[in-house]
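Below is one structure, written out as structure tokens; the observations come after it.
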Amino acid sequence: MKTVRVLIVDDHRLFRSGVRAELGPSIQVIGEAEDVESAVASIAELKPDVVLLDVHMPGGGGQEVLRRVLGAGAQVRFLALSVSDAAEDVIGVIRGGARGYVTKTISGAELTDAIIRVSDGDAVFSPRLAGFVLDAFASTEAPPIDPELDSLTQREREVLRLIARGYAYKEIAKELFISVKTVETHVSSVLRKLQLSNRHELSRWATARRLV
Amino acid sequence: MLREMSETPTAPDAAPRLVRTASGRVVAGVAQGAADQLRLDPVVLRLGFLLLTVVNGLGVVAYAALWMFTPKEQVKGPQPARDWGQFAAYGVLWMAVVGFGWITGASDGGIGTWPIAAGGIGALILWQQADPGRRQRWMSGAVRKVSASWVRTLVGALLIVVGAFGFLAASGELAKAKTGLVFTAVVVGGMLMIAAPWLASLVKELQRERTERIRQEERAEVAAHVHDSVLHTLTLIQRNAHDSREVTRLARSQERELRNWLYQPKQDADATLAAAVRRVAAEEEDAHGVPIEIVCVGDCDLDESLGALLQAARQAMVNAARYSGAPVISVYAEVEPDEVTVFVRDRGKGFDMDAVPADRMGIRQSIIGRMERNGGSARVRTEPGDGTEVMLTMKRAS
Chain X
43 MKTVRVLIVD DHRLFRSGVR AELGPSIQVI GEAEDVESAV ASIAELKPDV
93 VLLDVHMPGG GGQEVLRRVL GAGAQVRFLA LSVSDAAEDV IGVIRGGARG
143 YVTKTISGAE LTDAIIRVSD GDAVFSPRLA GFVLDAFAST EAPPIDPELD
193 SLTQREREVL RLIARGYAYK EIAKELFISV KTVETHVSSV LRKLQLSNRH
243 ELSRWATARR LV
Chain H
66 MLREMSETPT APDAAPRLVR TASGRVVAGV AQGAADQLRL DPVVLRLGFL
116 LLTVVNGLGV VAYAALWMFT PKEQVKGPQP ARDWGQFAAY GVLWMAVVGF
166 GWITGASDGG IGTWPIAAGG IGALILWQQA DPGRRQRWMS GAVRKVSASW
216 VRTLVGALLI VVGAFGFLAA SGELAKAKTG LVFTAVVVGG MLMIAAPWLA
266 SLVKELQRER TERIRQEERA EVAAHVHDSV LHTLTLIQRN AHDSREVTRL
316 ARSQERELRN WLYQPKQDAD ATLAAAVRRV AAEEEDAHGV PIEIVCVGDC
366 DLDESLGALL QAARQAMVNA ARYSGAPVIS VYAEVEPDEV TVFVRDRGKG
416 FDMDAVPADR MGIRQSIIGR MERNGGSARV RTEPGDGTEV MLTMKRAS
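Which chain is which? The protein sequence lines are X and H, in order.
With positions in the first sequence counted from 1, the corresponding number in the working numbering is that position plus 42.
With positions in the second sequence counted from 1, the corresponding number in the working numbering is that position plus 65.
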């Protein structure tokens, strides 16, 4: 089994060492970074397969790292990891280019799975993220500008609903009588729509949730 | 190569912003501040102001205008004292210049000085605003503010003046009143000139105090909240350090409370379905010490049949927390245009539906029976060793 080379980007030292200790043997942590500058430098130098990216950090946060690294055309995959499950953080970092979003309450085994999945080019949706996406694409007041990008297919909706209900990909496959690979394809397609859709409700929706 | 988009363009050698300096001031620090910005000797500017006073008092007007519009330099600690020696020297010099002007009649200036005066004051104001941030703020602020109070004040003043002149002209008194008007204008203008810097600084001071007060109130509210909740819980956790279950429960309930405070819209916990589901789940989580993950899609107002749905969902959560042995319970609530669905799922040990004794009321009465009595339906999917999922559906009253 191939090992996945991971860089941990988080401004909490205790959290970084906690993650390091929890990850399974198929994950090799090749470095750590604690802010935007050191993250951008380490990614350019170490070329990790997957970057575990904290959302809130000094110097612009995860979104800034995404913009600078992906903006420069680097081929690296990001999995966002945060204590926050506020809608604008989740949607913001996914639209910034991360291939998944999990909260820090995730168990070590689940995190290992998620990292491997992201390194394979698939998307990782937490139940909360799936709920956000369903909510954001549900408001159908305005007709979609681009029907292909601005709405979810029936099947994608079913898959998201099962994720929101707490099902793992394997359980979803069993439930819908499809293969795990097909589930992954559906989720990746939803991720693409989430990143590319110009649907104005999406941003308006996230802004409306930004209440304190 | 990486893009450096976060870097805002900064020019380190840009001229500093015009402020009235506190150290080395003679009157109000205008000349000192201006000299700092222009990189000149302040003496040159002071002499310039002094000489201009001779020409129709232009120096005084220019100085007063700059005094009024230029913010004071913020100094920490006690204000440095005014340089009284210089003040006396310039005072003597000024008197000499004024005396000279009066004797020679050069101070009358004649008609040629007025365009110079107007142009000079305009240029001064432009130069004074030579701070890009400030200029931008003024420009954007102008659109909003002008429409409100300024236009109203200007139009009002204009109307009064036109009305007064119209009345005097109509009654043929305009010529007689002219002398009186000129006198009044001079006196009022003079008083304004004296009071204006003081008034302007008063307004600025008031605004700063107001912002400061709002900021402090906000800080006090945050501090009070953190004290009442987070600090309190941390104390409880230390006292219960031996009981890991209780520590987890405390941490979890504090986390939930803090998250709600930070991210959730303030809402009445019993007004809408999503809020009510969160509240019920929080109560059961506290009661049983098992984390309950909630995802809600859509929302609607609660009614009687949705209240029954909520009760059934609560019973399903209680069962999962008590009997399944699962470390976490997932609750998913979705509001669609015609119906509301709630799923309660655990990955615990599950059970054999047919083997449940007939006298056990939990599932049959509290969940299935309650849903059916209220026009909804419940479906329980479970296998021993394969977890349990309860699906509750209720049609929405339209």
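Glycine included, every Cβ here is placed at the ideal spot set by N, Cα and C.
Would you verify that the beta carbon of residue i is, or is not, closer than 7 Å to some beta carbon of chain X?
{"i": "residue 461 of chain H", "result": "no"}
{"i": "residue 395 of chain H", "result": "yes"}
{"i": "residue 328 of chain H", "result": "yes"}
{"i": "residue 410 of chain H", "result": "yes"}
{"i": "residue 362 of chain H", "result": "yes"}
{"i": "residue 177 of chain H", "result": "Reliability fails at residue 177 of chain H, whose pLDDT of 48 lies under 50, so the model's placement of it is uncertain and the value that follows must be treated cautiously. No, residue 177 of chain H does not count as interfacial toward chain X."}
{"i": "residue 71 of chain H", "result": "Per-residue confidence for residue 71 of chain H stands at a pLDDT of 41, beneath the threshold of 50, marking its modelled position as unreliable; the derived number appears in the next sentence. Yes - at least one Cβ of chain X is within 7 Å of the one on residue 71 of chain H."}
Smallest Cα separation from residue i: which of the options?
{"i": "residue 83 of chain H", "options": "H:92, H:91, H:97, H:90", "result": "H:97"}
{"i": "residue 254 of chain H", "options": "H:126, H:386, H:458", "result": "H:126"}
{"i": "residue 405 of chain H", "options": "H:386, H:362, H:345, H:395", "result": "H:362"}
{"i": "residue 486 of chain H", "options": "H:266, H:309, H:286", "result": "A query on residue 486 of chain H cannot be resolved here, the shown segment of chain H reaching from 66 to 463 and no further."}
{"i": "residue 205 of chain X", "options": "X:165, X:154, X:73", "result": "X:165"}
{"i": "residue 236 of chain X", "options": "X:162, X:217, X:138", "result": "X:138"}
{"i": "residue 150 of chain H", "options": "H:129, H:118, H:92", "result": "H:92"}
{"i": "residue 214 of chain X", "options": "X:178, X:123, X:175, X:169", "result": "X:169"}
{"i": "residue 140 of chain X", "options": "X:44, X:106, X:150", "result": "X:106"}
{"i": "residue 155 of chain H", "options": "H:129, H:118, H:223", "result": "H:118"}
{"i": "residue 255 of chain X", "options": "X:197, X:228, X:151, X:115", "result": "Not covered by the structure: residue 255 of chain X. The range shown for chain X is 43 to 254."}
So is residue i in contact with chain H if we call contact Cβ pairs under 7 Å?
{"i": "residue 62 of chain X", "result": "no"}
{"i": "residue 206 of chain X", "result": "yes"}
{"i": "residue 100 of chain X", "result": "no"}
{"i": "residue 112 of chain X", "result": "no"}
{"i": "residue 199 of chain X", "result": "no"}
{"i": "residue 176 of chain X", "result": "yes"}
{"i": "residue 67 of chain X", "result": "no"}
{"i": "residue 90 of chain X", "result": "no"}
{"i": "residue 47 of chain X", "result": "no"}
{"i": "residue 173 of chain X", "result": "yes"}
{"i": "residue 156 of chain X", "result": "no"}
{"i": "residue 170 of chain X", "result": "yes"}
{"i": "residue 128 of chain X", "result": "yes"}
Residues in its own chain within less than 8 Å of residue i by CB, not counting five upstream and five downstream?
{"i": "residue 86 of chain H", "result": "94, 97, 98, 101, 138"}
{"i": "residue 180 of chain X", "result": "none"}
Kindly list the residues whose CB is nearer than 7 Å to the CB of residue i, restricted to its own chain and excluding five residues on each side of it in sequence; keep chain order.
{"i": "residue 359 of chain H", "result": "342, 343, 346, 396"}
{"i": "residue 255 of chain X", "result": "One cannot answer for residue 255 of chain X here, as it falls past the ends of chain X, which runs 43 to 254."}
{"i": "residue 133 of chain H", "result": "261, 262, 265"}
{"i": "residue 222 of chain X", "result": "211, 212, 215"}
{"i": "residue 175 of chain X", "result": "202, 232, 236"}
{"i": "residue 158 of chain X", "result": "46, 68"}
{"i": "residue 92 of chain X", "result": "46, 48, 119, 121, 157, 160, 161"}
Just checking my contact of residue i with residue j at CB under 8 Å: how many whole Å lie between their CB atoms?
{"i": "residue 49 of chain X", "j": "residue 75 of chain X", "result": "7 Å"}
{"i": "residue 146 of chain X", "j": "residue 121 of chain X", "result": "Between residue 121 of chain X and residue 146 of chain X the Cβ distance is about 12 Å, and since that is not below 8 Å, they are no contact."}
{"i": "residue 385 of chain H", "j": "residue 409 of chain H", "result": "6 Å"}
{"i": "residue 437 of chain H", "j": "residue 383 of chain H", "result": "Contact flag wrong, Cβ pair sits at about 19 Å."}
{"i": "residue 336 of chain H", "j": "residue 368 of chain H", "result": "So it is not a contact: roughly 11 Å between Cβ atoms."}
{"i": "residue 162 of chain H", "j": "residue 116 of chain H", "result": "7 Å"}
{"i": "residue 314 of chain H", "j": "residue 403 of chain H", "result": "Residue 314 of chain H to residue 403 of chain H, Cβ: 39 Å. No contact."}
{"i": "residue 160 of chain X", "j": "residue 153 of chain X", "result": "About 11 Å separates the two Cβ atoms, so there is no contact after all."}
{"i": "residue 104 of chain X", "j": "residue 135 of chain X", "result": "5 Å"}
{"i": "residue 355 of chain H", "j": "residue 393 of chain H", "result": "7 Å"}
{"i": "residue 295 of chain H", "j": "residue 338 of chain H", "result": "Incorrect: roughly 29 Å between the Cβ atoms, too far for contact."}
{"i": "residue 132 of chain X", "j": "residue 94 of chain X", "result": "Not quite, the Cβ-Cβ distance comes to about 16 Å (not below 8 Å), so this is no contact."}
{"i": "residue 413 of chain H", "j": "residue 377 of chain H", "result": "With 8 Å as the limit, residue 413 of chain H and residue 377 of chain H do not qualify as a contact, their Cβ atoms being about 19 Å apart."}
Please go through the same chain and pick out, in chain order, the residues whose beta-carbon is closer than 6 Å to the beta-carbon of residue i, but skip the five residues on each side of it.
{"i": "residue 194 of chain X", "result": "179"}
{"i": "residue 242 of chain H", "result": "233"}
{"i": "residue 107 of chain H", "result": "96, 97, 100"}
{"i": "residue 305 of chain H", "result": "311, 312"}
{"i": "residue 448 of chain H", "result": "415"}
{"i": "residue 224 of chain X", "result": "none"}
Say the cut is 6 Å; is the CB of residue i nearer than that to a heavy atom of the ligand SAM?
{"i": "residue 315 of chain H", "result": "The ligand SAM is absent from the structure shown, which contains no ligands of any kind."}
Chain B partners of residue i, CB-CB under 7 Å?
{"i": "residue 215 of chain X", "result": "The structure shown contains no chain B; its protein chains are X and H."}
What are the complete beta strand (DSSP E) segments, minimum 3 residues, inside the stretch 55-91 of chain X?
69-75
Sequence ranges, alpha helix (DSSP H) only - wholly within the stretch 343-394 of chain H, length at least 4
369-384
Could you tell me which uninterrupted beta strand (DSSP E) segments, each at least 3 residues in length, are contained entirely in the stretch 94-143 of chain H, listed from first to last along the chain?
none
Counting only runs that start and end within the stretch 85-159 of chain X, where is the beta strand (DSSP E) found for 3 or more residues in a row?
92-96, 119-124, 142-145
Return the chain-ordered ranges of every beta strand (DSSP E) run that is complete within the stretch 421-447 of chain H and spans a minimum of 3 residues.
441-447
Residue ranges of each alpha helix (DSSP H) within the stretch 195-230 of chain X, 4 or longer:
196-206, 211-218
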